[in-house]
Structures are given as C-alpha cells and as structure tokens.
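Asks: Could you have a look at this structure, given as structure tokens, before my questions?
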Amino acid sequence: MAAAGTFATLDALAAHLRREIAGANKKCTLIFAHNGTGKTRLSMAFKDLGKARDAEGQVTARDTLYFNAFTEDLFSWDNDLANDRDRVLRMNTASAFFDGLAELEMENRIRPLLRRHADFDFQIDYAAGTILFWRETAKDAQGAEVPVPIKISRGEENLFIWCFFLAVAQLAIDGQEAYDWVRYLYIDDPISSLDEQNAIAVAAHLARMLKGQERLKAVISSHHTLFFNVLCNELNKPWQFYLGREAAGWVLRDTGATPRFYHVAMLKELHEAAQAGRLYTYHFTILRSILEKTATFHGFSHFGDVMKRDPDDEDGTLHFRYIQLLSHGSYSLFEPAEMLPENKDIFRRILENFMTDYRFNPALFPQPETEGATP
7 MAAAGTFATL DALAAHLRRE IAGANKKCTL IFAHNGTGKT RLSMAFKDLG KARDAEGQVT
67 ARDTLYFNAF TEDLFSWDND LANDRDRVLR MNTASAFFDG LAELEMENRI RPLLRRHADF
127 DFQIDYAAGT ILFWRETAKD AQGAEVPVPI KISRGEENLF IWCFFLAVAQ LAIDGQEAYD
187 WVRYLYIDDP ISSLDEQNAI AVAAHLARML KGQERLKAVI SSHHTLFFNV LCNELNKPWQ
247 FYLGREAAGW VLRDTGATPR FYHVAMLKEL HEAAQAGRLY TYHFTILRSI LEKTATFHGF
307 SHFGDVMKRD PDDEDGTLHF RYIQLLSHGS YSLFEPAEML PENKDIFRRI LENFMTDYRF
367 NPALFPQPET EGATP
C-alpha cells in the first residue's frame with residue numbers, strides 16, 4: 007500500500023485512505039497514534055467524505071458507520087432534577103445512527119454483549135428516546151415487579167454505548183435493510199474507560215467480529231498500545247500504520263515492514279509512567295507483553311529467559327515470578343488500581359534491567375533533569 011507519506015491536512019489524508027482502502031483487498035486498517043494527534047478529527051473527515059448532498063446541502067446518502075467521541079455525545083443524561091428519581095439516558099434520535107432501531111429488538115442484541123462486562127439491566131423506550139437502567143426491582147402497589155432506576159457510572163455508560171454500537175455494527179455487517187448503506191466501519195478509541203484486562207477482551211471480540219465478515223471494510227485508530235497490539239495479532243494481516251504530527255503536517259508510516267513497531271510506543275508509555283510514579287497494576291500486563299515479544303524475537307522459548315543475565319541469576323528468577331503473579335491480578339473493570347509502593351519499586355527495577363540489557367534509542371527515553379525519589 008502506498009498510503010505512507012506526509013499530508014498537509016486531515017482531509018487530504020482521509021481522501022488518500024479512502025482511495026487506497028477502496029482499491030485494496032484488505033478488510034481492516036489499523037492506525038496507532040498518540041492523543042492529540044488528530045485521530046478523532048481524521049475519523050470525522052473520513053466519514054464526511056462519504057456523504058452525498060443535494061443542491062440545498064442536505065445529506066442524501068452516506069457510507070460510514072463510525073464510533074468516536076461524537077458517538078458518545080449522542081447520549082446524554084436526564085437526571086430528573088424535579089423529583090430526583092427517574093433518571094434516564096436520552097438518545098439524540100435526530101441522528102441517522104438510531105434510524106429503524108425500534109423494529110429490531112435492540113435490547114436482545116445489546117444484552118449478550120453487555121453481560122460480558124456488566125451486572126445492570128436496561129430498557130429502551132423508543133417513542134420517548136430514553137434508556138432506563140436498574141440492578142434491582144421492587145413491588146409496586148399492585149404487587150408487580152418494577153425496576154428501581156439508577157444512574158450508572160461514566161465508565162459503565164461508555165461501556166453500554168460501546169455495546170450499543172457493536173449491536174448496530176453487527177446489523178450493518180449482516181446487511182440489515184436499515185443499515186445496508188454502510189460500506190465502512192470507522193472506530194476511534196472505543197475503550198478509554200476500560201482497564202488493560204478488558205481492553206484485551208474488547209479487542210479480541212472486535213477482531214472475531216470483523217474476521218467473520220466480507221461485506222464491510224474497517225478502519226480502527228487508537229492510542230491504546232495493548233488494544234492495538236491485540237488487534238494486530240488477532241486480525242488476518244491488517245494494514246498497520248503509525249500516525250504522527252510534524253511541522254510539515256500529518257505523517258503516516260507503514261509499520262508492516264517493521265513488525266511490532268508499536269511496542270516501542272508501549273515501552274515509552276511504561277518509561278514515562280515509571281518516571282512520573284503513575285504506575286497501575288495493569289502496567290505489569292503491558293510489560294509482560296513486551297517481554298514475551300522480546301523473547302520470541304531473540305529466539306527464547308519463554309519470557310523469563312530474557313530476564314536472567316545467567317542461569318543462576320536469583321534476581322532474574324525473582325523478577326520473573328513477580329511478573330507471573332502481578333500480570334494476572336483481578337483488575338477492576340472501571341477503576342484501575344494504583345500499585346503499592348513496594349510493587350512500584352519492583353516494577354522499576356525490572357524495567358530498568360530490561361532496558362539496560364536490550365538497548366533502545368535513548369532519545370526516546372529521557373531521564374529527569376534532577377534525580378530524586380519517585381513516588
């Protein structure tokens with residue numbers, strides 16, 4: 007693919023991606039980019055180029071079903087300020103995203119996806135454009151069981167919206183009449199409120215969903231290194247790109263010829279977290295992933311081998327056991343837990359030893375100007 011290059015505007019980049027993807031025999035394109043690069047704006051430019059308009063400027067056709075921050079904005083809370091009781095999530099039914107859903111029993115399509123991760127239930131009122139949530143029921147005056155309404159957390163809300171989107175995307179994949187206009191799926195950073203353990207589950211499920219279809223082409227962009235990593239491994243030879251911002255514009259680099267380029271970004275993230283003291287339990291999962299890929303690259307059968315300087319290296323053996331233990335913890339779905347101070351120290355020692363033994367470009371991993379104790 008000749009997509010690698012420099013583009014003065016995101017519109018130019020989006021147009022280029024469209025031309026290349028339309029003419030290629032590839033179902034999935036993956037783009038890794040750090041926050042602030044323009045991923046969300048690129049997704050909007052891509053979908054806008056797929057719209058046809060009449061002489062009055064009204065949209066008459068479209069071809070892209072997208073998920074990004076704007077998708078989440080299609081839902082907003084009505085907190086029932088008058089009674090502080092019947093809180094519901096409102097849908098902006100003016101959007102084409104919700105067209106034709108009332109006849110499609112969306113609750114039955116969303117629930118199996120949501121129950122992978124959450125313990126609350128919901129009901130959609132299509133006429134009112136609202137969604138009611140509950141965990142418990144109570145008996146009304148007639149003795150019937152009725153929901154006790156709740157307001158779910160922001161993380162749970164984002165997860166619900168993601169499952170809502172997946173159910174709609176499946177309709178498009180199946181060629182359902184209300185979504186037979188969809189030719190492209192464009193997904194931008196769907197897991198901002200999930201921890202690493204569930205990032206793996208979300209990515210693996212999305213990959214299975216996309217691998218099993220032939221109708222649509224998908225573009226997925228993310229700053230989340232582990233999510234990107236899982237998709238690269240699970241999908242069947244997707245296009246893989248790194249998007250960066252430089253003085254000349256937006257630079258798109260094809261990483262297909264340099265496998266696991268994104269692991270440098272993962273390592274950079276760990277280095278910065280260790281320097282700042284912002285270390286969470288899931289960082290052990292990322293570190294283990296990097297160690298495993300390094301072991302494979304260097305011909306070892308197990309990642310523990312890259313942690314030992316010699317067969318009798320007791321520190322290497324101990325650090326291997328820490329990685330084994332701490333990369334399989336029970337992580338909260340919505341509230342990643344910060345490491346204990348002693349685990350932070352262990353993590354830093356393992357990371358420092360690894361980066362000493364396997365040299366990376368030091369310019370990517372600057373040391374703090376003043377040495378001191380890190381939280």
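Residue 7 is where the sequence shown starts when you use this note's numbering, and the numbers rise one by one after that. No residue lacks a Cβ here, since even glycine has one placed at the ideal position from N, Cα and C. Because the structure is a prediction, the values reported are computed rather than measured.
1. Which residue or residues does DSSP assign as beta-bridge partners of Val-152?
2. So, for Asn-177: in the same chain, excluding its five sequence neighbours on each side, which residues have a beta-carbon less than 8 Å away from its beta-carbon?
3. For Leu-360, which option in Asn-85, Leu-293, Ala-124, Ala-10 has the closest C-alpha, if you only look at C-alpha atoms?
4. Along the chain, where does the alpha helix (DSSP H) containing Val-174 start, and where does it finish?
5. Leaving out five residues before and five after Arg-59 in sequence, what residues of the same chain have Cβ atoms less than 7 Å from its Cβ?
6. Could you check if Asn-235 is buried or exposed, using at least 16 other CB atoms within 10 Å of its CB as the buried criterion?
7. What span of residues does the alpha helix (DSSP H) with Tyr-286 cover, start to end?
8. Counting only the same chain and skipping the five closest in sequence on each side, list residues whose C-beta sits under 7 Å from that of Ala-21.
9. In whole angstroms, give me the CA-to-CA distance for Thr-362 and Met-313.
10. Check this for me: beta carbons of Leu-107 and Cys-238, under 8 Å apart or not?
11. Any idea what DSSP makes of Lys-299, helix, strand or coil?
12. Assuming Lys-33 and Leu-216 make a contact with CB atoms under 8 Å, what is their CB distance in whole Å?
13. Report, in whole angstroms, the separation of the C-beta atoms of Ala-124 and Leu-165, which I expect to be a contact under 8 Å.
14. Excluding the 5 residues flanking Ala-205 on each side, which residues of the same chain have their C-beta closer than 8 Å to its C-beta?
15. Should Ala-14 go down as buried or exposed, given a rule of 16 or more other Cβ atoms within 10 Å for buried?
16. Ala-147 to Thr-287, Cα distance in whole Å?
17. Give me the residue from Gly-29, Phe-38, Ile-167 with the minimum Cα distance to Leu-249.
18. Glu-348 to Arg-47, Cα distance in whole Å?
19. Would you kindly work out how many angstroms separate the C-alpha atoms of Asp-311 and Leu-16, rounded to a whole number?
20. If you run the structure through DSSP and keep just helix, strand and coil, what is Phe-366?
21. Leaving out five residues before and five after Gly-255 in sequence, what residues of the same chain have Cβ atoms less than 6 Å from its Cβ?
22. Nearest CA to the CA of Phe-171: which residue from Leu-370, Ala-150, Ile-193, Ile-158?
23. Output yes or no for whether 8 Å exceeds the beta carbon distance between Ile-3 and Phe-81.
24. If we call anything under 8 Å between Cβ atoms a contact, is Leu-95 one with Thr-136?
25. Buried or exposed: where does Gly-322 fall if 16 or more other Cβ atoms within 10 Å of its Cβ makes it buried?
26. By Cβ distance below 6 Å, which residues in the same chain neighbour Asn-74 in space, the five residues on each side in sequence not counted?
27. Going by the beta-carbon positions, is the gap between Asp-92 and Pro-155 smaller than 8 Å?
28. When you compare the CB positions of Phe-353 and His-289, do they come within less than 8 Å of one another, or not?
Replies: So, to answer that:
1. BP columns for Val-152 point to Ala-144.
2. A quick correction: the sequence has Leu, not Asn, at residue 177. Cβ neighbours of Leu-177 beyond the five flanking positions: Leu-110, Arg-115, Ala-184, Tyr-185.
3. First, the residue type needs correcting, since residue 360 is Phe and not Leu in the sequence shown. The option with the nearest alpha carbon to Phe-360 is Leu-293.
4. That run of the alpha helix (DSSP H) goes 160 to 179.
5. If we look at Arg-59 and ignore the five residues flanking it on each side, its Cβ neighbours are Val-65, Thr-66.
6. Classified as buried, Asn-235 has 16 or more neighbouring CB atoms from the shown chains inside 10 Å of its CB.
7. Counting along the chain, Tyr-286 falls outside any alpha helix (DSSP H), and DSSP gives it neither H nor E.
8. Closer than 7 Å at Cβ, skipping near neighbours: Leu-55.
9. C-alpha of Thr-362 to C-alpha of Met-313: approximately 11 Å in a straight line.
10. No, Cβ-Cβ distance for Leu-107 and Cys-238 is not below 8 Å.
11. Reduced to three states, the DSSP call for Lys-299 is helix.
12. With a Cβ gap of about 6 Å, Lys-33 and Leu-216 count as contacting.
13. Confirmed, Cβ separation roughly 6 Å.
14. If we look at Ala-205 and ignore the five residues flanking it on each side, its Cβ neighbours are Ile-197, His-230, Leu-232, Phe-233, Val-236.
15. By the 10 Å Cβ count, Ala-14 comes out exposed.
16. If you take the alpha carbons of Ala-147 and Thr-287, they lie about 48 Å apart.
17. Nearest of Gly-29, Phe-38, Ile-167 to Leu-249, Cα basis: Phe-38.
18. Distance from the CA atom of Glu-348 to the CA atom of Arg-47, rounded to whole angstroms, is 41 Å.
19. Rounded to the nearest angstrom, the two C-alpha atoms are 44 Å apart.
20. Looking at Phe-366 - three-state DSSP - the assignment turns out to be coil, as it is neither helix nor strand.
21. Thr-12, Phe-13, Ala-14, listed in sequence order.
22. Closest by alpha carbon: Ile-193.
23. The requested residue 3 is not part of the displayed model; the chain covers only 7 to 381.
24. A Cβ-Cβ contact shorter than 8 Å links Leu-95 with Thr-136.
25. Burial call: buried.
26. Cβ neighbours of Asn-74 beyond the five flanking positions: Thr-46, Ser-49, Asp-194.
27. A distance below 8 Å separates the beta carbons of Asp-92 and Pro-155.
28. The answer is yes: Cβ separation under 8 Å.
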